[in-house]
Amino acid sequence: MKKIELAEYKAAHFAYSVSGKVATITLNRPERKNPLTLESYGELRDLFREMNYADDVKAMVITGAGGNFCSGGDVHDIIGKLVKMEMPELIRFTRMTGDLVKAMRACPQPIIAAIDGVCTGAGAMLACASDLRFGTARSTLAFLFVRVGLAGADMGACTLLPRLIGLSRAADLLYTGRVVGGEEAEHFGFYNRLVDPERVLEEATAMAVSLADGPSFAHAMTKTMLFQEWSHGLNECIEAEAQAQAICMKTQDFERAYQAFVAKQKPVFEGD
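All the letters of the sequence shown, read from the start, carry residue numbers 6 to 277 under the working numbering.
In structure tokens:
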């Protein structure tokens, strides 16, 4: 399988950097609250697909510039074009946006979303597709599809959101499009934790560093099983986890952990 180095990747439609083993994606159109465009959708999808082959990146952070996370699809760049499209073009667009979520769930690296300010529409779906979400009390979460006459069924919302916060709460947000503050979102279970705005990126990055320094092969297996087991029954899940864990037991990181325990030391994981 091909391996690539993504530390030097040059993004065209968002900011991208790598520090150590952690890549950070920053949506950087702060004057518009960081909306997505047709081009940024596609580039994000392609980057997350490439992460399957990245040798140097072990965890990721996604955030927004200027005190907001993401306001969703750009009204002029996307919605203004959608109303003029015929069905074949529309289905290509909706499949492309869904492919971004699938790429985020399929890449092996844990993704931590650092969310401040506005997190709405497609931006809320970027948060849903992440593995962990750090928010702020002043953040605002909303699934706005219904407000523009669309179904709440967008980019996997009807499967991802109920698994995060429960079916009844998801129905509330998807039917009404109402805005949820940070404290209510944390109470729902959408956010893993709330952090002061000036520290949310720092805390998310610290979590990413911690995960990147851990057994990254095993983390990738955990992510795969969390995704895979949604549609399986208990018996199938237990068997799949038995096989996954047996594979992890053949890694060098597992041996390192044992040797460190014997020596009463902290293990140093290398992801192999």
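Even glycine gets a Cβ: it sits at the ideal position worked out from N, Cα and C.
Residue i - DSSP class collapsed to helix/strand/coil
i: residue 130; result: helix
Within 8 Å, strictly: CB atoms of residue i and residue j
i: residue 217; j: residue 63; result: yes
i: residue 117; j: residue 254; result: no
i: residue 220; j: residue 274; result: yes
i: residue 153; j: residue 83; result: no
i: residue 256; j: residue 223; result: yes
i: residue 127; j: residue 77; result: yes
i: residue 133; j: residue 169; result: yes
i: residue 185; j: residue 146; result: yes
i: residue 60; j: residue 10; result: yes
i: residue 129; j: residue 54; result: no
i: residue 200; j: residue 141; result: yes
i: residue 119; j: residue 139; result: yes
i: residue 81; j: residue 48; result: no
i: residue 101; j: residue 46; result: yes
i: residue 50; j: residue 104; result: yes
i: residue 245; j: residue 237; result: yes
i: residue 229; j: residue 27; result: no
i: residue 25; j: residue 214; result: yes
i: residue 160; j: residue 106; result: yes
Residues near residue i by beta carbon distance below 6 Å, same chain, minus five either side
i: residue 73; result: 38, 39, 122 and 123
i: residue 79; result: 40 and 42
i: residue 29; result: 22 and 66
i: residue 137; result: 117 and 197
i: residue 125; result: 76, 77, 147 and 149
i: residue 232; result: 110
i: residue 234; result: 242
i: residue 225; result: 113
i: residue 208; result: 139 and 200
i: residue 3; result: Residue 3 lies beyond the range of the chain shown here (6 to 277); nothing can be said about it.
beta-carbon residue i near the ligand GDP non-hydrogen atom, thresh 7 Å
i: residue 201; result: The ligand content of the structure shown is nil, which means the ligand GDP is not present either.
Residues of its chain near residue i, where Cβ-Cβ distance is below 8 Å and the 5 sequence neighbours each way are ignored
i: residue 70; result: 20, 31, 32, 33, 34, 35 and 39
i: residue 151; result: 157, 179, 180, 181 and 182
i: residue 261; result: 272, 273, 274 and 275
Beta-carbon contacts of residue i that lie in its chain and below 7 Å, excluding the five residues immediately before and after
i: residue 8; result: 58 and 60
i: residue 195; result: 138, 146, 169 and 170
i: residue 167; result: 175
- Segments assigned alpha helix (DSSP H), at least 4 residues, entirely inside the region 18-86: 43-55, all fully within the region 18-86.
- Task: Mind listing, in chain order, the continuous alpha helix (DSSP H) runs of no fewer than 4 residues lying wholly within the region 117-204?
- Result: 127-134, 162-170, 172-181 and 187-193
- Item | In chain order, each beta strand (DSSP E) run of at least 3 residues that lies wholly inside the region 193-259 | none
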